[in-house]
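Adding 97 to a residue's 1-based position in the sequence shown gives its number in our numbering. The beta carbon of each residue, even a glycine, is placed where N, CA and C say it ideally should be. Note that the coordinates shown come from a computational prediction; the quantities given were computed from them, not determined experimentally.
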Amino acid sequence: MYRALSIVKKKNLYSKTFSGLRFSYYNFLKVYIIGEDGTQRGASKIFEEVRRRGLKVAVVGIPKTIDNDILVIDKSFGFDIAAEEAQRAINAMHVEVESIENGIGVVKLMGRYNGFIAMYATLASRDVDCYLEGPGALLEFVEKVTQRKRPHGWWLFG
Numbered sequence: 098m099y100r101a102l103s104i105v106k107k108k109n110l111y112s113k114t115f116s117g118l119r120f121s122y123y124n125f126l127k128v129y130i131i132g133e134d135g136t137q138r139g140a141s142k143i144f145e146e147v148r149r150r151g152l153k154v155a156v157v158g159i160p161k162t163i164d165n166d167i168l169v170i171d172k173s174f175g176f177d178i179a180a181e182e183a184q185r186a187i188n189a190m191h192v193e194v195e196s197i198e199n200g201i202g203v204v205k206l207m208g209r210y211n212g213f214i215a216m217y218a219t220l221a222s223r224d225v226d227c228y229l230e231g232p233g234a235l236l237e238f239v240e241k242v243t244q245r246k247r248p249h250g251w252w253l254f255g
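What follows is the structure, given as structure tokens:
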């Protein structure tokens, strides 16, 4: 009989959970661990403990990050949804900016170390004037562009 066990992510859960987790009692053959960097470090600790105990349990770490910053895979879990939702925010701002004279819209998108979500969302959006990253880049650009006249009278930054 196969059983599944799910453990909710919580601070310092590893030390409390693993000491009480009895692999032999549950007759685990495989443990799948899905998550980001911290979760994968926890998976490594679990693997080391399984090896130390001499158990025949396969520990599999499955990377998941909406940042899509894992070098060996094309897309990670959650990235497509994050990019689609970001595109929806940009499109909503586009409607708002077009509805007022000389409107300026700014949509700030997340990204831990890179701007993959912002890049994919702006490339997929119908009208984004620029994609800026880095300290001071957006404010400096907005100041420059608002000093010029534009025929349509609106700007959208993603």
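Open item on the list: Check whether the segment 156-174 and the segment 125-134 touch, using three or more Cβ-Cβ pairs below 8 Å as the test.
Closed with: yes
- [ ] Would you check if there are 3 or more beta carbon pairs closer than 8 Å linking the segment 215-222 to the segment 184-191?
- [x] yes
- [ ] Taking only the alpha-carbon atoms, compute the straight-line gap between N124 and G139 and give it to the nearest angstrom.
- [x] 21 Å
Task: In chain order, each beta strand (DSSP E) run of at least 3 residues that lies wholly inside the segment 125-168 - done: 127-132, 155-160
Open item on the list: For a test of the three-state rule: what should DSSP assign to I214, helix, strand or coil?
Closed with: helix
Open item on the list: Along the chain, where does the alpha helix (DSSP H) containing I187 start, and where does it finish?
Closed with: 176-195
Open item on the list: Among Q137, I178, I170, whose alpha-carbon lies nearest the alpha-carbon of I163?
Closed with: I178
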